[in-house]
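Going from the sequence shown to our numbering is simple: count from 1 and add 14.
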Amino acid sequence: MKNDKRADFGIINFWWCDDHGAILTAFALQRFIDKEGFSSELLKCWRDYDETKRTGGISKAFEKQYLKVSTDIYRTYDDIFEKNHNLKLNNEYIGFITGSDQVFRPDYVPDSWYLTFVNGKGKIAVAASFGTDEFICSDERCDRIGKSLKTYDYLSVREDSGVKICSSKFNVKAFHLLDPVFLIDKCEYERIIQESELKKKDEYIFCYIRDVSLNSNKLVEEIKRQLNCDVVWCDETMPVEDFLFNVHNCKCMITDSYHGLCFSIIFNKDYLCIKNTTRGRARFDSLQRQLDLPDNNFISESEQINKMKPINYSRINQKLSILSNEGRQWLREAIIETYKRYKGIDLKSESEGK
């Protein structure tokens, strides 16, 4: 089979979801790769990926302007393992990247997201998250996943608990890497904000709450009363440009989203973060430890709050700068060395090999 490489790297993550964090994580990773002088494509891959279902959604709108995606669709629960699809896919890229977000969470993704299908090409995990501090699946599946993880050229995970899982469960060493949204310059997001049609207004609280409950509504009303300002709610129909605009311009943020927390930090906003257990509390705990984020600005799903606390970002920004630079250095090396190692390698079909 002749080499018809479409791009240097094929990326598997949740870019196609109408989820602001997933979209911006994919954007940040692809933007980093692009600025390092390499090309990449986000793979159209899921159990029932369908272009028509995305029509009118925020990921489709954002994709048109900011993302580079594959032409072919690979349903990674089944046909990615079909021989012809597997061979074709392996020949289209020099390497494959899993990352970031909860791309290593076994109840969220199939085996293929651990790059079990990759044959003779580079394998990188960029800040992959297990979501929780445990890895629970069948022994047989654990064995398959473990064998694949051992063959990664570069393996990094987003949470400190993920480092422990890799070591204790799979006997592999993983680098502790910040989410890609922290690895590109803030000006990249500010350029996107310029595309928003929203106009600045009086002070407001921006609420990005994925799992709205009676208690979260009470929290919002209490903070609204304390600060005496309006509330702007975000839902999955809010364009990504408007999401970033609102984080950038709000007085403070209330969120139960991991990436809601991340962008609060990027734009140095006061925030109240509800640690969402269902979606994976380990993510919040790890980032809090990494950046030494104040306890007063975190709350469990059932807690009440007395007062919104302002945040001193001086020390947080220093820690973030150090970790971001370390992360950029690691990812830069991973991309460059993997490219060098596999450039020019072309798989052969069985018929050609005979």
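Every residue, glycine too, gets a C-beta built ideally from N, C-alpha and C.
Residue burial classification, residue i (beta-carbon count within 10 angstroms, cutoff 16)
{"i": "Lys283", "result": "buried"}
{"i": "Ile150", "result": "exposed"}
{"i": "Asp32", "result": "buried"}
{"i": "Glu77", "result": "buried"}
Coarse secondary structure for residue i, derived from DSSP in three states
{"i": "Thr69", "result": "coil"}
{"i": "Lys283", "result": "coil"}
{"i": "Ser84", "result": "strand"}
{"i": "Thr39", "result": "helix"}
{"i": "Val261", "result": "helix"}
{"i": "Leu129", "result": "coil"}
{"i": "Thr352", "result": "helix"}
{"i": "Ala75", "result": "helix"}
{"i": "Tyr107", "result": "coil"}
{"i": "Val117", "result": "coil"}
{"i": "Ser162", "result": "helix"}
Close Cβ partners of residue i (< 7 Å) along its chain, the five nearest in sequence each way excluded
{"i": "Leu212", "result": "Asp256, Phe259"}
{"i": "Ser271", "result": "Gly35, Tyr222, Arg224"}
{"i": "Met322", "result": "Ile237, Gln240, Leu241, Cys266, Asp284, Leu286"}
{"i": "Val177", "result": "Val171, Ala188, His190"}
{"i": "His262", "result": "Ile207, Phe281"}
{"i": "Ala42", "result": "Pro194, Val195, Leu197, Ile198"}
{"i": "Thr324", "result": "Correcting the residue type first, residue 324 is Pro in the shown sequence and not Thr. Here the set comprises Asp284."}
Nearest-angstrom beta carbon gap, residue j and residue i [assumed within contact, 8 Å]
{"i": "Ala141", "j": "Ser175", "result": "That pair is no contact at about 13 Å."}
{"i": "Phe52", "j": "Tyr327", "result": "About 33 Å; that fails the 8 Å criterion."}
{"i": "Leu197", "j": "Leu81", "result": "Contact doesn't hold; Cβ gap of about 17 Å is too wide."}
{"i": "Gly294", "j": "Gln116", "result": "6 Å"}
{"i": "Glu250", "j": "Ile72", "result": "7 Å"}
Chain-order list of residues whose beta-carbon lies under 8 Å from that of residue i (same chain, five-residue window excluded)
{"i": "Lys183", "result": "Phe149, Cys156, Gly160"}
{"i": "Tyr107", "result": "Lys19, Arg20, Ala21, Asp22, Phe23, Gly24, Glu55, Lys135"}
{"i": "Asn104", "result": "Phe131, Val132, Asn133, Gly134, Lys135, Leu361"}
{"i": "Ile179", "result": "Phe144, Asp147, Glu148, Phe149, Val171"}
{"i": "Asp306", "result": "Arg329, Ile330, Lys333"}
Beta-carbon proximity list for residue i, same chain, < 6 Å, skipping 5 on both sides
{"i": "Gly274", "result": "Tyr222"}
{"i": "Arg205", "result": "none"}
Which parts of the stretch 275 to 334 are runs of the alpha helix (DSSP H), unbroken and 4 residues or longer, counting only runs that do not cross its ends?
-> 291 to 305
What are the uninterrupted segments assigned as alpha helix (DSSP H) that are 4 or more residues long and contained completely in the stretch 174 to 232, given in chain order?
-> 174 to 184, 200 to 207
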